[in-house]
Structure formats: C-alpha cells, structure tokens
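These protein sequence lines map, in sequence, to chains Y and V.
Be aware that the first sequence starts at 42, since it is given in the numbering used here, and climbs by one per residue.
Be aware that the second sequence starts at 8, since it is given in the numbering used here, and climbs by one per residue.
Working notes, structure below.
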Amino acid sequence: MTTFSLDDSSVFVIIGSGAGGGVLSRELASRGHKVVCLEAGPRLTLGDVVNDETEMFNKLTWLDRRMATGKPDPNFPVWGCKTVGGTTMHWTGACPRFEPHEMRALSTYGEMPDATLVDWPVTPEEMADWYDKAETRMGVTGTQGYPHLPPGNNYKVLEAGARKCGYTDMDTHNMAINSIDRDGRPHCRQLGFCTSGCAVGAKWSTLYTEIPAAEETGNFELRPGCMVTGLEVGEDGRIASVTYLSDGKSYTQKARAVSVAGNVVETTRLLLNNRSQRHPDGLANSSGLVGRNYMRHFTIQVMGVMPGKVHFYRQTHLAGVVRDERAHRPERGFAGGFLISTVPFTPEVLAKNMLTGGWGRDLTQVLDKYEYLAGMLLTGEDPPQLDNRITLHPEARDGYGLPVPVIHYEDHPNTIAMKDYAWKAGRRIYEAMGAEQVIEMGDYIPATHNMGTARMGEDPATSVCNPFGRTHDVANLFVSDGSLFPTAGGCNPTLTIVALAMRQAQHIDGELKAGRL
Amino acid sequence: MSVSRRGLLGRMAFGALLPGLGALAVPAHGAEAVSAELATSAALLNAMFPHDALDAGFYREMAARYLDELATRPEALAAHRAGLGVLDGSYIAPFVQLPEVIQRSMVAKVDQEPFFTAFLMRGAELVYRDQRAWDLLGYEGSSVEYGGYLDRGFDDIDWLPAAGGTQ
Numbered sequence: 042m043t044t045f046s047l048d049d050s051s052v053f054v055i056i057g058s059g060a061g062g063g064v065l066s067r068e069l070a071s072r073g074h075k076v077v078c079l080e081a082g083p084r085l086t087l088g089d090v091v092n093d094e095t096e097m098f099n100k101l102t103w104l105d106r107r108m109a110t111g112k113p114d115p116n117f118p119v120w121g122c123k124t125v126g127g128t129t130m131h132w133t134g135a136c137p138r139f140e141p142h143e144m145r146a147l148s149t150y151g152e153m154p155d156a157t158l159v160d161w162p163v164t165p166e167e168m169a170d171w172y173d174k175a176e177t178r179m180g181v182t183g184t185q186g187y188p189h190l191p192p193g194n195n196y197k198v199l200e201a202g203a204r205k206c207g208y209t210d211m212d213t214h215n216m217a218i219n220s221i222d223r224d225g226r227p228h229c230r231q232l233g234f235c236t237s238g239c240a241v242g243a244k245w246s247t248l249y250t251e252i253p254a255a256e257e258t259g260n261f262e263l264r265p266g267c268m269v270t271g272l273e274v275g276e277d278g279r280i281a282s283v284t285y286l287s288d289g290k291s292y293t294q295k296a297r298a299v300s301v302a303g304n305v306v307e308t309t310r311l312l313l314n315n316r317s318q319r320h321p322d323g324l325a326n327s328s329g330l331v332g333r334n335y336m337r338h339f340t341i342q343v344m345g346v347m348p349g350k351v352h353f354y355r356q357t358h359l360a361g362v363v364r365d366e367r368a369h370r371p372e373r374g375f376a377g378g379f380l381i382s383t384v385p386f387t388p389e390v391l392a393k394n395m396l397t398g399g400w401g402r403d404l405t406q407v408l409d410k411y412e413y414l415a416g417m418l419l420t421g422e423d424p425p426q427l428d429n430r431i432t433l434h435p436e437a438r439d440g441y442g443l444p445v446p447v448i449h450y451e452d453h454p455n456t457i458a459m460k461d462y463a464w465k466a467g468r469r470i471y472e473a474m475g476a477e478q479v480i481e482m483g484d485y486i487p488a489t490h491n492m493g494t495a496r497m498g499e500d501p502a503t504s505v506c507n508p509f510g511r512t513h514d515v516a517n518l519f520v521s522d523g524s525l526f527p528t529a530g531g532c533n534p535t536l537t538i539v540a541l542a543m544r545q546a547q548h549i550d551g552e553l554k555a556g557r558l
Numbered sequence: 008m009s010v011s012r013r014g015l016l017g018r019m020a021f022g023a024l025l026p027g028l029g030a031l032a033v034p035a036h037g038a039e040a041v042s043a044e045l046a047t048s049a050a051l052l053n054a055m056f057p058h059d060a061l062d063a064g065f066y067r068e069m070a071a072r073y074l075d076e077l078a079t080r081p082e083a084l085a086a087h088r089a090g091l092g093v094l095d096g097s098y099i100a101p102f103v104q105l106p107e108v109i110q111r112s113m114v115a116k117v118d119q120e121p122f123f124t125a126f127l128m129r130g131a132e133l134v135y136r137d138q139r140a141w142d143l144l145g146y147e148g149s150s151v152e153y154g155g156y157l158d159r160g161f162d163d164i165d166w167l168p169a170a171g172g173t174q
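This is the structure:
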C-alpha cells in the first residue's frame, strides 16, 4: 500500500472520494501523479452493504448537523453521503446526459426573472466526447455498445401508460449498472435496494471501481475518516497545505495542488470557512458567489394503485425512463423540462412519505394495496437563484468544531409551474392504465442532486471557477463536484460530474507536466 | 401522574356501565397505570395505522417498545402522557373504548401536537419495519440472499395489454 509523508509537498490532495473526487483520483494517479485522497467517512466493504434501507441510510448518510431556512425540512435539509464512494454509494445509477439546450440555458430560455441563468462555458460538442469517455468507463447501459437492462414490472406499467398518453421516447434508461458481467463486477441481479449501496457491486460506485484502480497505480493513498478543516494559503498565494482531523487529532498534509469535491455543502463550507487577510470572504470568493446559486432538482412522486399486482420493489429503483417531457416547450408554461422515471418504496418509507398527507385509513388503504402500487419519480430543472444559498451559521458548531452549514432554498416560480404540470402528466399515465387511485407526493425528501455553489465561467466577476474547475482566485485550487454546474439541467448530475472530472484531469495533467501547477 | 384528572373522572363514571373497564378505572400509579398508558398508546397507534389484519397484541407490542424508548427521555415522556390525557379526557370513556369514528375525531384534534407527530414518525418505523406488517402487505424485503428478484418475479407482470416492444 502506497503512503505519502505529511511533508511531501509534491502530492495532489483531493478532498472527497465520490463521483468527482474518486474519478479525479484515478485519472491523476493513472497519469503518474501522486495523489492523496482525504475522505471524511469510513471505507466500507461489500460485506457491509445489506438489503436494509434504514441500516444503510445510517451507514452512508452525512448526518452531522445542518440547518435550514426557507423550504427545506430543518431536520434533513440536504442529502449527502459520508463514506468512501460518497454519493455514488447512494445514487440510483441513472446516467442521462445534459441536453445541448440545457447547457445553453440563457440562450434557449431567455432572461428569467429572479434567476441567474447562463450558458455553460463548455460547449455541448466538447462535452459529447467526455460523455463518451465517462459512459465507457462506467459501463452505462444503452450506450457505447452496453446492452440495456431488462424491463421489469414497474417500468412496464410506466411504459404502457406513457404510450397510451402519446409518449414515445422511453426505455430502461442509461444506467451505470452492469447489464453484463464486466469490469470485474457481476451483472445486475435485480435486488432492489439500489440507493442503499449495491450489495453485489453491479452498480458503479467509486468505492469498488475508481478507488481500487487508483490504488493499483501505486501513486495513490486513500485516507478515510479524515475530515478536512483547513486549507492554508502560503506567501505565494497558493494553497500550501491541508489540515484535517482524524480520530480527534489534527494533521497537516503539504500539497502541490488541491481539489475539493465534497458534494456542494462541504465544498462550500470549506471555502467559506477558510478566511484570511488575502481572502476575507472565504477562499476563492472574490466574486461573492461561493455558496450562491445553490440548485437541487425537484423530486416529486406519483403512485398508482393499479388493477393488478406490480411488486414495484422487485427491481432496480430507477428501472426505466420517459424522456418526452425533457424538451424545452414554453407553451407548457415553464422553461426547461423533466424526466419521468420509476421509483419504488419500502412500506416504511412509503408510510413516512405519505404521513405528511395524513394518517389513519387514508394512509393504510393505500398501504394495504402495496403489491398493486406502481411508482414514478419526476425530476426537473431548477433555475439558479442568487438567494438560494449555503452560508455558515455564525455561532452553531458541529462535532468537529466547524460552523454548521445553513441551507436556504425556495422554489422558483418556474419550478412550481413545472411541478404542477409534472404531477398532472404523471397522474394521466397511471389513470390511462386504469389506476383505482393515484397519489401525488411532494418533494419532502431532498435528492442528493446538489449543484451550483462554485459555478464555472470565463469571467472572474461572475463565476468562482474557470471552465476547467480551477478557481479564479487561487491558482492551485480546484473544485471537482456538482458545485461547478452553472445551471442544473433536467436530469441526474452524476454522469456530468464524472465527465467534467475526466476532462479536468486531462487539463491538470497538462498543467502539471508543463510545470504550470 | 400518568392520566389526567378529567380522564380519570370519565373512566370512573363509565366504569360501572362498561364491562372490562374496571381495571383501567383505578388510581394512576403502579402497574395498572402503566397498563392504562400502554392501552391508550396502543389504541392511538392503531388509529394512526389501522390494519384490520393486525391484532391488538401487535399494536400493544409496538406501543410498549415506544414507551420503553421514551423512558430515557423524561420531557418526551411527559409530553406523551399529557397527550394521552387529552385523548382519555372525553367524558365518554377512555380512548381505548371509543368507537373508531370517535377516536378519529379526537385524534384529529391533536394531530399537529409534537407528541403526536413524534409518535407518528417513530410509529411508522416500528409498524412497517416489522415482518408481520411486511407479510400482511406483501413486501418481501431483503433479496440478496436469494440472488435478487432476477429469477423471482421482477418482470412477472401478467395483466398488462401486450406491449409493442420495450427497447
């Protein structure tokens, strides 16, 4: 096992081991660069992954204290993971690409009141090549020659209903879940429990793909259980070292360069909490935009009590998709679009989700039809708003002694209009299949889709990072997670995070080899 | 003091009329008081999550677990007891003896109270994490030990109209 000394100032330090940090680690290590990856959470093995949502929620989730203002539930305002693999342990594996019109949001949608829409500084044409590479790496089904996963019950209901409603663009989706044995991992056994970590390792997760591959290079050291508390700026204005807590002790690792990939909330906290004379408002925050433009996709649900049994839990969570509403068609009354996917619930989670709508027979008459339920998840674009932001509480501290992040979020009117339309669209699908009852559920539980708080762009006055995720203000500091997204698109973010990390790695490799970093 | 005075009066007034009520209509201390507390908690849990196929013993067992959890949290226990006192204070009969429709209307009056929402959320976990509830609802749970559902019905739906291809 490779280890590096704390005094080794030649190492590239990556903070976070999920989709961004895990991929960047492997890419840099495989190009011969020395990498230390600091991960706040523990390193699980496949043996630690069980088919129990409650147990895995507690094992995977970032449960340190967070606060909220505005819409989010103060008890659980944001979802992230604290484990090696980060949110790639929890994700469903869905890998849609951003649509070109979504990467040109400002040009396509036009100016939107109270939103900070921009076009991406990376063109869709350039991204297409990186999407190809990311899909190949992850074995995304329905792309690059990888077969689709087989259709299961919940998807078959969605598909049949969608066709009756005139939709045509649907299949079992592009999933980073093995449909064939590959990459030393088995094909999907349709366990269900995708969001609880995949117990057989069919779902792509950096815990058992990128991290071991990085270790095999001999250029990589993973340090789990290491919570970064400080980024120290040297006389030359560059990050000189990274300080972290491990088992209650503080360590300082010297660094040649640093990348932060903490799934937005931790990335924001780390930047904002490292103030100095040179960076009075936090690192890389001369624009004042660190923590602002926080975006999250809405994730609303529709369930149907169907005329026959569905057993919607007997398959991958996200078992198929309808894409027809993804397009930008302003005649619907909103800009951008949304995806319609399948989703199942365990009885416990279903009951808890439905409790906001009532208790008693209203609830149990649905639960009594559990075997007959079909479920769909509707996920749509969220416009960036300057005031949706993550800040640090002035007094409250968490167990590490760090200021507690405060999540402020409100739905944009465009989002409210899209949700209203999406609920109706979902209801129509199940009604077309003869549903006895249709239940609409709101986005009480946040998705792990966190984006936008260190947006990339060309202009240092209006963005935090350059188009390669390098902060404008600090030459050797990068951001490698969804924080970079200038807009949120109408789809799951992970594939784009991976594609951007691979692209960033090539850039960093060039800069390192040219002696510019 | 685990039962409100109003609740006690209600019980005592009806104790002579309703068979089986005598055991509840005793001063609120000792084992009998705990059992009244448990009986009301179980009835409340049943009102929250009524499944005809789950018997009273099931709800009592789950309510007992909840009360055990509250035992280490004096403030929450006090709030829970105060809430039960309201439910038992109908002047008609203790909550457990009321018809479902009356229980519903009484619960509706307290369903925004913190003691209720706490019990509701934890109650959902206790009830729907139990194998007996899973068996009732038809949820099969952990599948990895059986090799998943790939060969056990993930695509066995048989009531859909013939589809024109899915891929």
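From the three backbone atoms N, C-alpha and C, an ideal C-beta is built for every residue, glycine too.
All values derive from a computational prediction rather than experimental measurement.
The Cβ atoms of Ser246 of chain Y and Gly266 of chain Y do not sit closer than 8 Å to each other. Chain order gives the chain Y residues near Met128 of chain V as Lys393 and Leu396, where near means a beta carbon separation below 9 Å. What Gly207 of chain Y touches in chain V, judged by beta-carbon distance under 9 Å, is nothing: the nearest beta carbon there is about 14 Å away.
DSSP places Ile457 of chain Y in the helix class (H, G or I) of the three-state scheme. Below the 8 Å Cβ cutoff, chain Y contributes Ala201 as neighbours of Pro168 of chain V, in chain order. Contact annotation, Leu443 of chain Y with Arg310 of chain Y: C-beta distance approximately 7 Å; criterion of less than 8 Å satisfied. Taking a C-beta cut-off of 8 Å against chain V, the contacting residues of the stretch 226-251 of chain Y are Cys229, Arg230, Gln231, Leu232, Gly233, Phe234, Ala240 and Val241, listed in chain order. DSSP, read as helix, strand or coil, puts Ala529 of chain Y in coil. Against chain V, the CB of Tyr411 of chain Y has a partner CB under 8 Å away; the residue lies at that interface.
Burial check for Met42 of chain Y: the Cβ neighbour count within 10 Å stays below 16, so the residue is exposed. Looking at Y:Gly531, Y:Gly242 and Y:Ala325, the one whose alpha-carbon comes closest to that of Arg511 of chain Y is Y:Ala325.
The beta carbon of Leu84 of chain V lies closer than 7 Å to those of Leu77 and Ala78 in the same chain, with the five residues before and after it left out. Partner residues in a beta bridge of Ile109 of chain V, as assigned by DSSP, do not exist. Per DSSP, Ser66 of chain Y lies in no beta strand (DSSP E); the unbroken alpha helix (DSSP H) holding it starts and ends at Ala60 to Ser71. Pro165 of chain Y sits in a helix when the DSSP states are folded into three classes.
Around the beta carbon of Val108 of chain V, a 10 Å sphere encloses fewer than 16 other beta carbons of the protein chains shown; the residue is thus reported as exposed.
For Ser504 of chain Y, no pairing in a beta bridge is given by DSSP.
Listed by position along chain V, the residues whose Cβ is nearer than 9 Å to that of His214 of chain Y form an empty set, because the closest Cβ is around 11 Å away. Straight-line spacing of the CA atoms in Ala109 of chain Y and His58 of chain V works out to 36 Å. Residue burial is scored here from C-beta neighbours: Asn194 of chain Y has at least 16 other C-beta atoms within 10 angstroms and is therefore classed as buried. Exclusion of the five residues before and after Arg230 of chain Y leaves Val241 and Ala243 as the residues of its chain whose Cβ lies within less than 8 Å of its Cβ. At least one CB of chain V lies nearer than 8 Å to the CB of Arg402 of chain Y. For Ile252 of chain Y, the uninterrupted alpha helix (DSSP H) segment begins and ends at Glu251 to Glu257. In this structure, His189 of chain Y lies away from Asp224 of chain Y, with their beta-carbon atoms at least 8 Å apart. Gln478 of chain Y is bridged by DSSP to Y:Val346. In this chain, the beta strand (DSSP E) harbouring Lys290 of chain Y covers Lys290 to Lys295. Spanning the alpha carbons of Ala140 of chain V and Ala488 of chain Y requires a straight line of approximately 28 Å. Each of Y:Val181, Y:Gly416, Y:Ala473 and Y:Leu272 was checked against the Cα of Thr535 of chain Y, and the nearest Cα belongs to Y:Val181. Contact annotation: Ala495 of chain Y and His338 of chain Y have beta-carbon atoms that are not nearer than 8 Å. Here Ser282 of chain Y carries a strand assignment [DSSP, helix/strand/coil]. In this structure, the straight-line span from the alpha carbon of Tyr66 of chain V to that of Trp400 of chain Y is close to 15 Å.
DSSP places Pro435 of chain Y in the uninterrupted beta strand (DSSP E) bounded by Arg430 to Arg438. Pro348 of chain Y counts as exposed, since fewer than 16 other C-beta atoms from the protein chains shown sit within 10 angstroms of its C-beta.
Listed by position along chain V, the residues whose Cβ is nearer than 7 Å to that of Gly193 of chain Y are Phe161 and Asp162. Contact between Ala70 of chain V and Ser48 of chain V holds: CB atoms are separated by about 4 Å, below the 8 Å threshold. Within its own chain, the residues whose Cβ lies closer than 7 Å to the Cβ of Glu472 of chain Y, once the five positions on either side in sequence are excluded, are Val479, listed in chain order.
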